[in-house]
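Peer 1: Please see the structure below; I have some questions.
Residue numbers (the numbering used here): 1120 to 1199.
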């Protein structure tokens, strides 16, 4: 049980680091790969695309959290 929680936290922290690095990359760049100067509106649009891309991993993490919580509560009731 404890190993699942530790692994869940490690994966969650990894996703947060990746999202933070991607956000920093988007907001700190002056020109994108096509040579287009990045305006605040373009940066915001890129950030929204990044968030949409992260919806799938977030959904998996939430389902994994629910499974961990349900499994943890079932073990408490079985041991009592």
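Backbone N, C-alpha and C define an ideal beta-carbon position, used for all residues, glycine too. Here the structure is a predicted model, which is why all the values come from computation and not from measurement.
Along the chain, which unbroken stretches of the alpha helix (DSSP H) at least 4 residues long are found entirely within the segment 1166–1198?
Peer 2: The segment 1166–1198 contains these whole alpha helix (DSSP H) runs: 1174–1198.
Peer 1: Mind checking which residues open and close the alpha helix (DSSP H) that includes residue 1131?
Peer 2: In the chain shown, residue 1131 corresponds to position 12, counting from 1. Where residue 1131 is concerned, the enclosing alpha helix (DSSP H) stretches over 1121–1147.
Peer 1: Closer than 8 Å is the cut-off here; do at least three beta carbon pairs connect the segment 1136–1155 with the segment 1185–1193?
Peer 2: Output reads no: the segment 1185–1193 does not touch the segment 1136–1155.
Peer 1: Residues in the same chain with beta-carbon distance under 7 Å from residue 1187, minus the five sequence neighbours each way, listed in chain order, please.
Peer 2: Against the chain shown, residue 1187 aligns to sequence position 68. So the qualifying residues of the chain are 1123, 1124 and 1127.
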